[in-house]
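Engineer:
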Amino acid sequence: MRKPGIGHTIIHALLILWAILQLYPVVWLALSTLKPTADILSRIFAPPTSLYLSNYDLQLFSQRGILISVYFLNSTIVTLTTLTVLTIVGLLAGYAMAKLNGPGKNVILIALVGMLGIPVHALIIPLYYFVAQLKLLSNHWGLILPYVAFFLPFSILLLQTYFRQFPDEIMEAAKIDGGNHLQVFGRIVMPVSLGGIATVLIINFLGIWNEFLFSLVIMKNNHAKTLPVGLMSFRGPYNADWGPMLAAMFMATIPPLLFYFIFHRKIISGITAGSLKE
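Residues in the sequence shown are numbered from 274 upward in steps of one, following our numbering.
#1: Can you give the Cα-Cα distance for L486 and P320, rounded to whole angstroms?
#2: Measure the Cβ-Cβ separation of D312 and T322 and say whether it is below 9 Å.
#3: Measure how close the beta-carbons of G469 and L430 come, nearest whole angstrom, since I'm counting them as under 8 Å.
#4: Do you know whose CA, among A447, T472, V404, lies nearest Y435's CA?
#5: The alpha helix (DSSP H) that contains M505, what's its start and end?
#6: Take L324 and list the residues in its own chain whose beta-carbon comes closer than 7 Å to its own, dropping the five residues that flank it on each side.
#7: By DSSP's criteria, A513 is part of a beta bridge. Which residues make up the other side?
#8: Does the pairing of the segment 454-468 with the segment 390-400 give three or more beta-carbon distances under 8 Å?
#9: So the alpha helix (DSSP H) H285 belongs to, where does it begin and stop?
#10: What is the DSSP secondary structure of S548, reduced to helix, strand or coil?
#11: For F424, name the three-state secondary structure that DSSP assigns.
#12: I'd like the list of long-range same chain contacts for D441, defined as Cβ closer than 8 Å, with 5 residues on each side in sequence excluded.
#13: According to the Cβ coordinates, are S428 and T360 closer than 9 Å?
#14: Taking the alpha carbon of N328 as the reference point, which residue from A521, P528, Y533, I527 has its own alpha carbon closest?
#15: Measure the C-alpha to C-alpha separation of L385 and T355 and round it to an integer number of angstroms.
#16: Can you list the alpha helix (DSSP H) stretches of 4 or more residues lying completely in the segment 307-358, in chain order?
#17: In angstroms with no decimal places, state the Cα-to-Cα distance between N494 and L531.
#18: Indicate whether I491 and Y401 have their beta-carbon atoms separated by less than 9 Å.
#19: Taking one C-beta from the segment 345-352 and one from the segment 509-516 each time, how about it: are there three or more such pairs within less than 8 Å?
#20: Give the list of continuous alpha helix (DSSP H) stretches no shorter than 4 residues that lie fully inside the segment 438-482.
#21: Enumerate in chain order the residues of its own chain whose CB-to-CB distance from I475 is below 8 Å, with the five nearest sequence positions on each side excluded.
#22: Please classify P510 as buried or exposed, where buried requires at least 16 other C-beta atoms within 10 Å of its C-beta.
#23: So with Cβ pairs under 9 Å, would you call V343 a contact of chain D?
Here it is in structure tokens:
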């Protein structure tokens, strides 16, 4: 059996180093939540000497007006609703852009690419007045609709690129058997596109869950804040309560990690699914 060469060993060493660099901040964050604020500031990189769980006292948060459970709920509602709308519209629009012929198709494609070049945060002032006129300030839809508008071009472009690789011969065979466009899309194209769908879900989930500026400007009411904005409540004018804030930050990282581990396998399984099944 051929032994791995020096290049193979170097690549593995670099990958291990990269994994350590990526995981260390998460491990440091988790360990820091088990230390009081004084120890965090004086012994930054030292492990905790005992399990200090007061940083996770949600009742203490509530007494200070920090509604972590409410912030979690708001972020969950906004993120899942936005993902649902994005996925449905992105799938149908991406399939139409990839497989259907119609007037103005290339113009729409160029417009979508151009939208990716617009710095969305430069639109925050007109967006604020637009949402205010719709009376959606401190309302979930005041965030969901802008998120859908700003994340949709990327979703459509990525999915239509994925759908273009699907063989037209299989689709034509299904149409000969009596299937319409929606049936072909739902029964044949969708099952083998799980990899592209999972990629869009993961990227959009991370972007929406972690988005800060729009939520800061639009969600004025404390009960309407999403998690990234709510975490700023731990900061005072001159200092920050680092222990509880790091604990809340660690809790905020759990949903994205779970979401990734649930869907990342679809990226691989989607390649061999669908039309290859009997």
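A virtual CB, placed ideally from N, CA and C, is assigned to each residue, including glycine. The structure presented is a predicted model; accordingly, all values stated were derived computationally and were not measured.
Structural biologist: So, from the listed chains and residues:
#1: Here residue 486 refers to the residue found at position 213 when the sequence shown is read from its first residue. Here residue 320 refers to the residue found at position 47 when the sequence shown is read from its first residue. Between L486 and P320, the C-alpha separation is close to 34 Å.
#2: For this step, residue 312 is matched to residue 39 along the sequence shown. For this step, residue 322 is matched to residue 49 along the sequence shown. Yes, Cβ-Cβ distance for D312 and T322 is below 9 Å.
#3: Position 196 of the sequence shown, counting from 1, holds the residue named residue 469. Position 157 of the sequence shown, counting from 1, holds the residue named residue 430. That belief does not hold up - the Cβ atoms of G469 and L430 are roughly 11 Å apart, past 8 Å.
#4: In the sequence shown, the residue the question calls residue 435 occupies position 162. Selected option, being the one with the closest Cα: T472.
#5: As a first step, residue 505 is located in the sequence shown; it is residue number 232 there, counting from the start. Per DSSP, M505 belongs to no alpha helix (DSSP H) and is neither H nor E.
#6: Position 51 of the sequence shown, counting from 1, holds the residue named residue 324. Here the set comprises L307.
#7: The sequence position of residue 513 within the sequence shown is 240, counting from 1. For A513, which the question treats as bridged, DSSP gives the partners R508.
#8: no
#9: Reading the sequence shown from its first residue, position 12 is the one you call residue 285. Taken as a continuous stretch (DSSP letters only), the alpha helix (DSSP H) holding H285 covers 279-305.
#10: What you label residue 548 is simply residue 275 of the sequence shown in a count that begins at 1. The predicted position of S548 is uncertain, since its pLDDT is 39 and thus under 50; a value taken from the coordinates is nonetheless stated next. S548 falls in the helix class under three-state DSSP.
#11: Along the sequence shown, one-based indexing puts residue 424 at 151. Looking at F424 - three-state DSSP - the assignment turns out to be helix.
#12: Within the sequence shown, the letter at position 168 stands for residue 441. These residues qualify, in order along the chain: K372.
#13: In the sequence shown, counting from the first residue as 1, residue 428 sits at position 155. In the sequence shown, counting from the first residue as 1, residue 360 sits at position 87. Cβ distance < 9 Å, so S428 and T360 count as in contact.
#14: Within the sequence shown, the letter at position 55 stands for residue 328. If we check each option's Cα against that of N328, A521 comes out closest.
#15: Here residue 385 refers to the residue found at position 112 of the sequence shown. Here residue 355 refers to the residue found at position 82 of the sequence shown. Roughly 19 Å between the two C-alpha positions.
#16: 310-315, 331-336
#17: The residue given as residue 494 occupies position 221 in the sequence shown. The residue given as residue 531 occupies position 258 in the sequence shown. Using only the alpha carbons, I get a separation of about 29 Å.
#18: As a working note, residue 491 is residue 218 in the sequence shown. As a working note, residue 401 is residue 128 in the sequence shown. In contact: I491 and Y401 (Cβ atoms closer than 9 Å).
#19: no
#20: 441-449, 454-457
#21: Within the sequence shown, the letter at position 202 stands for residue 475. Excluding sequence neighbours, I475 sits near F532, Y533, F536, H537.
#22: Along the sequence shown, one-based indexing puts residue 510 at 237. With fewer than 16 Cβ atoms within 10 Å of its Cβ, P510 is classed as exposed.
#23: Of the chains in the structure shown, none is chain D; there is only one protein chain.
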